[in-house]
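Asks:
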């Protein structure tokens, strides 16, 4: 699938994880990559995982990546929120993450803690039977 046709659902990339992934990409061709999981969410095809591998592929100049359809039953409310965050911040393709590669400590604060707060708030709203949470 074309990389520029897949909507990210993550706002940041860990610099440390990217460095590790890039080492594995040195001799890879696009067909040799492990497929990246995607899912249709509304009108978009989104990454459900594999953002770092997709970004590494972009950096290597790949325009296409192997994908597989996400088979797990995930919390799609969370993904909708994450995709909205991405769109609100102008993240429409994996290339848009180029200025969002951050240290692990920043990644933890900027992304992981943000997601944990959202998940906690969403669980609380669902427990109350109110789905009109604002994030």
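Residue numbers (the numbering used here): 13 to 147. Glycine included, every Cβ here is placed at the ideal spot set by N, Cα and C. Remember, it's a predicted structure, so these values are computed and weren't measured experimentally.
(1) Mind the definition here: the stretch 75-84 touches the stretch 107-122 only if three or more C-beta pairs lie below 8 Å; say whether that holds.
(2) Checking contacts by CB at 7 Å: is residue 99 closer than that to chain C?
(3) By the 10 Å Cβ neighbour count, where 16 or more other Cβ atoms means buried, how is residue 66 classified, buried or exposed?
(4) Our contact map puts residue 21 next to residue 91 with C-beta atoms below 8 Å; I'd like the distance itself, whole angstroms only.
(5) Per DSSP, what kind of secondary structure is residue 110 in: helix, strand or coil?
(6) Measure from the alpha carbon of residue 130 to the alpha carbon of each residue in 54, 88, 73, 61, then state which is nearest.
(7) Whole-angstrom Cβ separation of residue 19 and residue 56, contact assumed at under 8 Å?
(8) Between which two residues does the alpha helix (DSSP H) holding residue 33 run?
(9) Since residue 80 sits in a beta bridge, which residues does DSSP pair it with?
(10) Could you give the C-beta distance for residue 64 and residue 86, rounded to a whole number, given that I count them as a contact under 8 Å?
Replies: Let's see:
(1) no
(2) The chain inventory of the structure shown lacks chain C, comprising one protein chain alone.
(3) buried
(4) 5 Å
(5) coil
(6) 88
(7) 4 Å
(8) Unbroken alpha helix (DSSP H) run through residue 33: 27-37.
(9) Paired residue(s): 49.
(10) About 18 Å; that fails the 8 Å criterion.
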